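Have a look at the structure below, then the notes.
In our numbering, the protein residues as written are 8 to 479.
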């Protein structure tokens with residue numbers, strides 16, 4: 008497939024500088040306080056991530072794949088706020104991408120800046136750095152602002168989805184990048200991150216580091232680097248059974264009114280799908296460059312790399328073209344690959360994990376205290392089989408896509424309540440594509456039990472969230 012050829016070329020180039028991405032076996036950490044790298048892509052759905060061969064060879068094959076990773080609110084800003092705070096949206100207060108109930112400014116007004124995982128890690132002696140998208144819409148009139156907790160700050164100030172012609176706040180100074188080949192945003196972020204890793208790894212004091220990379224890909228317009236244009240020109244768009252869903256009689260009335268996917272829309276979906284894949288090739292090269300630098304610095308075996316997305320993507324499933332924010336699997340199910348000390352290559356984890364779990368995980372790895380709604384993934388990274396949650400909460404305000412909703416997703420069922428009064432219930436074992444809602448035909452006891460779990464989750468905080476997630 009084209010991506011494999013492009014990625015092979017990237018590995019050959021990296022190989023000239025000593026890159027050896029495949030190790031024989033997972034090793035125990037040399038340092039009790041490992042380095043941590045978090046890569047959060049933008050709108051990368053689970054299915055597309057599985058098709059990127061470079062990510063597979065360096066992360067999936069060399070680490071663990073979490074097959075049931077979800078985001079509690081499948082929309083950019085609320086999801087990223089959850090990553091930073093370990094809190095559900097109903098606790099961090101960021102409900103939209105823009106004010107009055109969302110965006111960077113709302114995150115700050117809600118008091119979240121002082122309780123991010125970056126603050127805790129910095130207080131614990133970590134060197135911290137961010138590269139790319141922090142939160143949507145930099146505070147008006149304050150483009151040089153740098154939040155607490157960050158030693159290095161290279162954040163998108165203007166549109167975080169502009170691949171050329173954008174501004175970065177570089178440690179308090181706004182710098183403009185234009186249309187030159189070297190201005191491609193993913194490449195700029197990659198170079199800065201590699202430089203940070205090089206310097207941090209050589210720190211005379213031996214301080215570990217935390218690097219948060221947030222490239223724009225594959226968010227629309229999904230502009231690829233010029234070297235990658237047309238790579239996937241012949242790529243077919245996946246068409247699962249839910250694509251252009253024929254019978255929507257089980258869905259809410261406003262969904263039944265969505266038109267079938269027209270030939271023109273199919274053509275648009277295909278074009279955007281190929282661009283999205285092309286734009287991800289630079290991200291694959293970013294991963295290869297980071298792994299190469301970590302190995303060259305002698306700290307690869309002391310570093311965890313987490314790779315995920317802020318939300319998934321609807322590409323025609325359930326008649327929904329080019330959107331996110333929905334309670335369906337395509338929007339809420341995201342990729343999660345982790346490699347690092349003690350993580351067995353090729354491991355597969357099928358337990359339910361959530362983006363509330365990142366901050367607690369990083370805190371435990373770093374040996375610092377952190378309060379949030381999630382739980383640490385470290386037992387799963389070690390291959391243990393601990394008692395674990397049986398449900399997660401999905402929630403959305405209705406800014407984009409469907410009306411506002413709350414939903415509970417267990418290992419088998421998904422129960423959704425919309426603010427309109429509509430309800431949906433799916434058996435994900437017999438109906439993984441959510442084609443037939445059972446709400447009107449299922450045993451009333453099943454719906455009532457799920458409703459009770461949803462009510463407990465929708466109002467939870469901290470330990471009560473974990474208790475509600477663990478309930479039988």
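The C-beta atom is built at its ideal place from N, Cα and C for all residues, glycine as well. Since we're looking at a predicted model, the values are computed, not measured.
Whole angstroms are fine: how far does the CA of residue 479 sit from the CA of residue 459?
12 angstroms
Taking Cβ positions, are residue 387 and residue 356 nearer each other than 8 angstroms?
yes
May I ask which residues mark the beginning and end of the beta strand (DSSP E) holding residue 139?
134 to 139
Residue 211 - DSSP class collapsed to helix/strand/coil:
coil
Going by C-alpha to C-alpha distance, which of 180, 433, 173 and 409 sits closest to residue 187?
173
Just curious, the beta strand (DSSP E) that residue 260 is in, first and last residue?
Counting along the chain, residue 260 falls outside any beta strand (DSSP E), though it belongs to the alpha helix (DSSP H) covering 260 to 263.
What is the DSSP secondary structure of residue 341, reduced to helix, strand or coil?
strand
Give, in chain order, every unbroken run of the beta strand (DSSP E) that is at least 3 residues long and sits entirely within the stretch 356 to 418.
398 to 403 and 412 to 417
Tell me where the beta strand (DSSP E) around residue 430 begins and ends.
430 to 434
Three or more C-beta pairs closer than 8 angstroms, one from the stretch 368 to 387 and one from the stretch 38 to 53: is that the case here?
yes
Looking at the structure shown, is residue 121 part of a helix, part of a strand, or coil, going by DSSP?
helix
Between the Cα of residue 178 and the Cα atoms of 137, 184 and 144, which residue gives the shortest distance?
137
Once you ignore the five residues that flank residue 201 on each side, which residues in its own chain have a CB closer than 6 angstroms to its CB?
296 and 300
Helix, strand or coil for residue 467? Go by DSSP, reduced to three states.
coil
Local Cβ density within 10 Å of residue 328, reported as buried at 16 or more and exposed below that:
buried
How long is the line joining the alpha carbons of residue 262 and residue 408, rounded to whole angstroms?
11 angstroms
With DSSP collapsed to three states, give me the class of residue 28.
Because the pLDDT of residue 28 is 34, which lies under 50, any placement of that residue in the model is unreliable, and the question is left without a value.
Does the structure place the stretch 60 to 77 close enough to the stretch 236 to 249 that three or more beta carbon pairs sit under 8 angstroms?
no
Please return the same chain residues whose Cβ sits closer than 7 angstroms to the Cβ of residue 54, not counting the five positions on each side in sequence.
245
Counting pairs of Cβ atoms below 8 angstroms between the stretch 151 to 158 and the stretch 227 to 241, do you hit three or more?
no
Report the rounded CA-to-CA distance for residue 132 versus residue 348, giving the unit in angstroms.
20 angstroms
Hey, quick one: how far does the beta strand (DSSP E) through residue 177 stretch, first residue to last?
173 to 177
Between the stretch 60 to 67 and the stretch 89 to 102, do at least 3 Cβ pairs fall closer than 8 angstroms?
no
If you compare alpha carbons, which of 325, 119 and 219 is closest to residue 440?
325
From the DSSP output, in three-state form, read off residue 79 for me.
coil
Bounding residues of the alpha helix (DSSP H) (the contiguous stretch that carries residue 272)
270 to 303
Going straight from the alpha carbon of residue 205 to that of residue 396, what length do you get?
38 angstroms
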